[in-house]
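Colleague: For reference, the structure I am asking about is given below.
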Amino acid sequence: MSIMKQLKEFTIPFVGLKQGKHHFEYQIDNAFFEHFEYEDFNDSSVKVDVIFNKKETLLELNFKISGFLNINCDITNEAYNQEISNEFNLIVKFGEEFNDEEIDILILPHGEYEINIQQYIYEYIVLSIPTKRIHPGVEDGTLDSEILKKLEELSPKLKENKEDEEETDPRWNTLKKLLTDK
Numbered sequence: 001m002s003i004m005k006q007l008k009e010f011t012i013p014f015v016g017l018k019q020g021k022h023h024f025e026y027q028i029d030n031a032f033f034e035h036f037e038y039e040d041f042n043d044s045s046v047k048v049d050v051i052f053n054k055k056e057t058l059l060e061l062n063f064k065i066s067g068f069l070n071i072n073c074d075i076t077n078e079a080y081n082q083e084i085s086n087e088f089n090l091i092v093k094f095g096e097e098f099n100d101e102e103i104d105i106l107i108l109p110h111g112e113y114e115i116n117i118q119q120y121i122y123e124y125i126v127l128s129i130p131t132k133r134i135h136p137g138v139e140d141g142t143l144d145s146e147i148l149k150k151l152e153e154l155s156p157k158l159k160e161n162k163e164d165e166e167e168t169d170p171r172w173n174t175l176k177k178l179l180t181d182k
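Laid out in structure tokens, this is it:
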């Protein structure tokens, strides 16, 4: 994790928790992403449910993410709400030194008494965005956009008549005749 200031509400002091499952709920909006200097979203409203299971020698965290991110379409640049829904697991073990090289395993040094999960929430939300951001109106044809009209104009037209497709060089016709004249 970076040296970024940790937001207190995302720090879980697990040393005081009893063994078993504990539920944490977070409502994420743009202020959260501004903290990470990430300004890709016009707006956001994401609910994060965390089931924190404290076991004798390790911690299990299950993150459930649901909500929307208002982002711009890659094709038209029109803003739209992208629904997101995802689930991630994180195992926290204890060892000699801090290690977060594995995507789903975190090793905290022995003696740690709290964990801050803001970086994980941030990464899990960003990973939930489809790689291609396409306005639903582009896919179903309901979006009325100048950019789409221009793209339509510039795209090569498909030939509608199959016979046109088979139009060949007339010199081949003589050769074709040889095949059929047997």
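Residue numbers (full-length UniProt numbering): 1 to 182. Cβ atoms here follow ideal geometry from the backbone N, Cα and C, with glycine treated the same way.
What is the DSSP secondary structure of T11, reduced to helix, strand or coil?
Modeller: In this structure, T11 counts as strand in the three-state DSSP scheme.
Colleague: Which first and last residues belong to the alpha helix (DSSP H) in which E127 is found?
Modeller: According to the sequence displayed, residue 127 carries Leu and not Glu. Looking at the DSSP string, the run of the alpha helix (DSSP H) that includes L127 is 118-127.
Colleague: Give me the DSSP bridge partner(s) of D49.
Modeller: Partner(s): E25, K64.
Colleague: Let me check understanding here. Comparing Cα to Cα, which of L179, K177, K18, L7 lies closest to N53?
Modeller: Among L179, K177, K18, L7, the Cα nearest to that of N53 belongs to K18.
Colleague: Roughly how many angstroms separate the alpha carbons of I107 and L61, rounded to a whole number?
Modeller: I107 and L61: Cα-Cα distance of roughly 13 Å.
Colleague: State yes or no: is the C-beta of F88 within less than 8 Å of the C-beta of F63?
Modeller: Contact: yes.
Colleague: Verify whether the separation of the beta carbon atoms of P136 and Y80 is less than 8 Å.
Modeller: It is a contact, given that the beta carbons lie within the stated cut-off.
Colleague: Candidates I91, E114, I84: which alpha carbon is nearest Q6's?
Modeller: Comparing Cα positions, the closest option is E114.
Colleague: Does the pairing of the stretch 92-105 with the stretch 69-84 give three or more beta-carbon distances under 8 Å?
Modeller: In short, these stretches do not touch, since the Cβ pair count stays below three.
Colleague: Could you tell me the distance, in whole angstroms, from the CA atom of N173 to the CA atom of K132?
Modeller: C-alpha separation (whole angstroms): 46 Å.
Colleague: With a 10 Å radius around its C-beta and 16 neighbouring C-beta atoms as the bar for buried, classify S85 as buried or exposed.
Modeller: Counting Cβ neighbours within 10 Å, S85 comes out exposed, since fewer than 16 surround it.
Colleague: Do I125 and I28 have their C-beta atoms within less than 8 Å of each other?
Modeller: A contact, by the Cβ cut-off of 8 Å.
Colleague: Only counting the same chain, and skipping five residues up and downstream in sequence, which positions put a Cβ closer than 7 Å to that of E97?
Modeller: Correct list, in chain order: P109.
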